[in-house]
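Only one structure is covered here, and it is reproduced in the block below.
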Amino acid sequence: MTTKKILGRGRPRGFDLEAAIATAMDLFHQRGYDGVGVAELSKTIGITAPSLYSAFGSKCELFERALQHYAQVAGGWLPEVLAIEDRLEVVIGQMFACAAEIYTANPERPGCLIIDGTRNCTDAQAQALTAGFRRMTRERIRDRIAAAAPDLIDPRVDALADYVVTILVGLSGSARDGMTAEALQTTAEIAAAGFAQRLQQYRQAQPLEN
Numbered sequence: 001m002t003t004k005k006i007l008g009r010g011r012p013r014g015f016d017l018e019a020a021i022a023t024a025m026d027l028f029h030q031r032g033y034d035g036v037g038v039a040e041l042s043k044t045i046g047i048t049a050p051s052l053y054s055a056f057g058s059k060c061e062l063f064e065r066a067l068q069h070y071a072q073v074a075g076g077w078l079p080e081v082l083a084i085e086d087r088l089e090v091v092i093g094q095m096f097a098c099a100a101e102i103y104t105a106n107p108e109r110p111g112c113l114i115i116d117g118t119r120n121c122t123d124a125q126a127q128a129l130t131a132g133f134r135r136m137t138r139e140r141i142r143d144r145i146a147a148a149a150p151d152l153i154d155p156r157v158d159a160l161a162d163y164v165v166t167i168l169v170g171l172s173g174s175a176r177d178g179m180t181a182e183a184l185q186t187t188a189e190i191a192a193a194g195f196a197q198r199l200q201q202y203r204q205a206q207p208l209e210n
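With the first letter of the sequence shown counted as 1, position 139 gets the number 139 in full-length UniProt numbering; the numbers rise by one all the way through.
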């Protein structure tokens, strides 16, 4: 979906496109894709349902814009952590700590929209959108691990990347389930220790055959 396509659609005079996307993002983050209907989106944004369809095309297209906005305004911490010049286990530990802090920062919108926005969702297109973002996140994490540990063979790099992503998913889900910030930080510390231990084991082990 292109910006040109969206801007070419009609919308009410004075309609703030970015504000509408931000409002939709908050609603989707709070209750998930299936938990928010077009009527509520329209009312909260301050436009009619026909105007919403005119501006965005569909609820799913609005969700896509909300995910893109979320990645820009709330997801910037991950690339920053991955760019830290330190030992890999320190970087991953910092990643888990940041995730635990960010996922519990707003009690009304806990967790991560990209991870949990389509949990138990029945819309295949919406599920595909979040899955795409998650794949990109995994690739970034995998690339960072591979760059920091060039001695590791691909299966072990993949295993470590999968471990990191699994922990992030668990931290987000636990935050949405009401785990406190302190408890989530403790979990993040344990997970970081587990990563460091397995990384050391992989480095000390004899290489596997590809």
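Idealized CB from N, CA, C, for every residue including glycine.
Presumed contact (8 Å Cβ cut-off) between residue i and residue j, rounded CB distance
i	j	result
L171	T186	In fact, because the Cβ distance is near 11 Å, the residues do not count as touching under 8 Å.
residue 215	M95	No answer is possible for residue 215: the residues shown for the chain start at 1 and end at 210.
D36	L52	Contrary to the premise, residue 36 reads as Val rather than Asp in this sequence. Wrong, their Cβ atoms sit about 12 Å apart, outside the cutoff.
E89	A19	Actually they do not touch by this definition, with Cβ atoms about 41 Å apart.
A167	A128	With the sequence shown as reference, residue 167 is identified as Ile, and Ala is not the correct amino acid for it. Not really, about 24 Å apart at Cβ, beyond 8 Å.
I84	V91	5 Å
A49	S42	5 Å
Residue i vs residue j beta-carbon contact at 8 Å
i	j	result
A124	I145	no
Y33	C121	yes
V165	R138	yes
E108	Q30	yes
Y202	R156	yes
A22	H69	yes
6 Å Cβ shell around residue i - same chain, five flanking residues per side excluded
i	result
A97	A188
T130	I114, G117, T118
A181	T104
Q200	none
L62	A24, F56
C60	Q125, A126
G93	A192
A205	none
Endpoints, the alpha helix (DSSP H) within which residue i is located
i	result
W110	Note that residue 110 is Pro in the sequence shown, not Trp. P110 -> no alpha helix (DSSP H), and no H or E assigned at all.
C60	59 to 73
P79	77 to 82
V164	154 to 176
F15	Run containing F15: none; DSSP gives neither H nor E here.
P50	49 to 56
E189	181 to 204
V36	Taken as a continuous stretch (DSSP letters only), V36 belongs to no alpha helix (DSSP H), as it is neither H nor E.
T130	124 to 148
A97	88 to 103
Cutoff 7 Å; reference residue i; Cβ partners in own chain excluding five residues on either side
i	result
F133	L67, A71, I114
R176	P110, G111, D116
K5	Low confidence applies to K5: its pLDDT is 41, below 50, so where it sits in the model is not reliable, and the reading given next is rough at best. Closer than 7 Å at the Cβ level, and outside the excluded window around K5, lies no residue.
W77	C98, I102
A148	L88
Own chain partners of residue i with C-beta closer than 8 Å, once the 5 adjacent residues on each side are dropped
i	result
P79	R140
E40	L27
residue 211	The chain is shown only over 1 to 210; residue 211 falls outside these bounds and no answer can be derived.
D158	R142
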